[in-house]
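In terms of my numbering, the sequence shown has 154 at position 154, counting the first letter as 1, and numbering is strictly consecutive. For each residue, glycine too, the CB sits at the ideal point set by N, CA and C. This report concerns only the one structure given below.
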Amino acid sequence: MRRLWLLFAQTVTVALALYFVVAALQPDWLQRAPTQVQVGMPGKAVPVLQGPALPAGGSYREAAGRAMPAVVNILTSKASRETHPLLKDPFFRRFFGNRMPPDEQLASLGSGVIVSTDGTILTNNHVVEGADIIEVGLADGRKIPARIVGTDPETDLAVIRISASNLPVMVLGDPERSRVGDVVLAIGNPFGVGQTVTLGIISALGRNNLHINHFENFIQTDAAINFGNSGGALVDTNGHLLGINSAIYSQTGGSVGIGFAIPVTTAKKVLDSIVRHGTVVRGWIGIESQDITPELAQSFGLGRDSGAIIAGVVRGGPADRAGIQPGDILLAVGSKTVANTSEMLNLIAQLEPGEKAPLRIMRKNREATLAVTVGKRPRQPQ
1 MRRLWLLFAQ TVTVALALYF VVAALQPDWL QRAPTQVQVG MPGKAVPVLQ
51 GPALPAGGSY REAAGRAMPA VVNILTSKAS RETHPLLKDP FFRRFFGNRM
101 PPDEQLASLG SGVIVSTDGT ILTNNHVVEG ADIIEVGLAD GRKIPARIVG
151 TDPETDLAVI RISASNLPVM VLGDPERSRV GDVVLAIGNP FGVGQTVTLG
201 IISALGRNNL HINHFENFIQ TDAAINFGNS GGALVDTNGH LLGINSAIYS
251 QTGGSVGIGF AIPVTTAKKV LDSIVRHGTV VRGWIGIESQ DITPELAQSF
301 GLGRDSGAII AGVVRGGPAD RAGIQPGDIL LAVGSKTVAN TSEMLNLIAQ
351 LEPGEKAPLR IMRKNREATL AVTVGKRPRQ PQ
């Protein structure tokens with residue numbers, strides 16, 4: 001019995017010694033596999049879903065390191081159009097005449113993202129709107145004058161350009177592959193304190209009817225976005241650009257975890273159109289519409305509560321020439337179904353002027369497809 005006890009004690013001693021040696025030299029060997037939780041009926045095999053693995057050490061520093069150099073700070077200067085109060089005093093006018101310089105307001109109003117080696121930068125329209133002077137602060141400390149290439153108030157996007165060498169460029173991601181729950185980083189210059197990275201997830205996709213912009217298809221995130229983040233980058237865990245941070249929902253002016261970014265797919269189309277045409281060219285068919293509500297569906301005897309009711313048709317416009325009438329329900333534009341008027345506007349705007357697009361409608365509970373020759377959307381007053 002004593003010999004067995006001695007053998008057991010020696011075995012335990014050797015095992016503990018091996019454990020401490022491995023813990024000191026190869027701690028990764030001792031990491032436990034992630035716990036798998038199965039949910040289902042007892043006795044039945046249920047597939048186990050595992051989320052994406054965290055980066056090494058649980059850090060997103062590599063993604064941030066790739067993206068941060070291409071995010072810039074945008075400062076604008078607006079000259080005051082009002083006459084200085086002293087110039088209204090006859091005594092002072094005798095000495096200064098009209099030589100007193102106008103007041104200037106210099107401020108760090110937002111951020112931007114370098115998307116091309118030629119110095120092309122994407123930002124928000126409200127960041128540069130009305131600016132007399134625009135200056136871009138790079139992550140490496142350089143400050144370079146910028147000029148506006150074009151703006152699109154209907155999506156709140158603007159394209160500006162700087163002339164400089166050795167510029168970092170953000171790699172464009174694919175928002176179409178994003179899903180709710182994906183980790184994202186928001187990069188910008190909040191409150192002018194300097195470049196800042198915040199972490200969150202995608203809270204929702206395809207947000208519209210927020211009445212922020214005319215065309216809306218927002219990525220919603222809980223990554224902290226504050227004043228000065230506008231025009232900055234929303235990036236994935238590879239450091240690729242998913243969207244341009246644009247707005248927040250807040251009753252205090254600070255972040256409450258509801259921020260909105262314009263998908264890079266939308267931004268890319270605006271950028272390409274501005275570079276090619278100097279302005280944004282969108283499709284237009286000349287209709288007015290409204291959402292189908294449950295109340296409208298009941299009053300009109302409709303068997304559906306999705307789609308858009310055609311409330312008006314521009315006489316002589318593309319829709320009128322194709323035979324679309326008030327009261328028709330627009331169900332689909334091409335192969336894409338229409339859920340509401342906001343979605344309909346986005347789908348029609350993406351059409352190329354001059355192309356023939358099939359529109360599926362419902363008229364008196366009968367479906368039909370009409371071919372519409374798309375027109376060019378008139379420039380909307382700002």
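Does DSSP classify I258 as helix, strand or coil?
coil
Can you tell me the Cβ-Cβ gap for A261 and I244, rounded? I've got them flagged as a contact below 8 Å.
6 Å
Would you mind reading off the limits of the alpha helix (DSSP H) that contains P294?
P294 to S299
R161 versus V183, G112 and G334, residue with shortest Cα-Cα distance:
Of V183, G112 and G334, the residue nearest in Cα terms is G112.
Measuring CB atoms only, is the region 285-298 touching the region 311-318, in the sense that at least three cross pairs come out at less than 8 Å?
yes
Can the beta-carbon of V333 be found less than 8 Å from the beta-carbon of L347?
yes
What separation, rounded to the nearest whole angstrom, lies between the Cα atoms of N238 and S250?
29 Å
Is L157 closer than 8 Å to A267 when the C-beta atoms are compared?
yes
Taking only three categories from DSSP, how would you classify A139?
Of the three classes helix, strand and coil, the one that applies to A139 here is coil, per DSSP.
As assigned by DSSP and simplified to three states, the class of G150
strand
Got a sec, what are the start and stop residues for the alpha helix (DSSP H) I348 sits in?
T341 to A349
Rounding to the nearest angstrom, what Cα-Cα distance links M362 and P69 in this structure?
51 Å
Using 8 Å as the limit for Cβ to Cβ distance, is I114 near chain D?
This model lacks chain D altogether; it includes just one protein chain.
For the region 118-138 against the region 176-188, do three or more pairs of beta-carbon atoms, one drawn from each stretch, fall closer than 8 Å, so that the two count as touching?
no
With 16 other Cβ atoms within 10 Å as the buried cut-off, status of N189
buried
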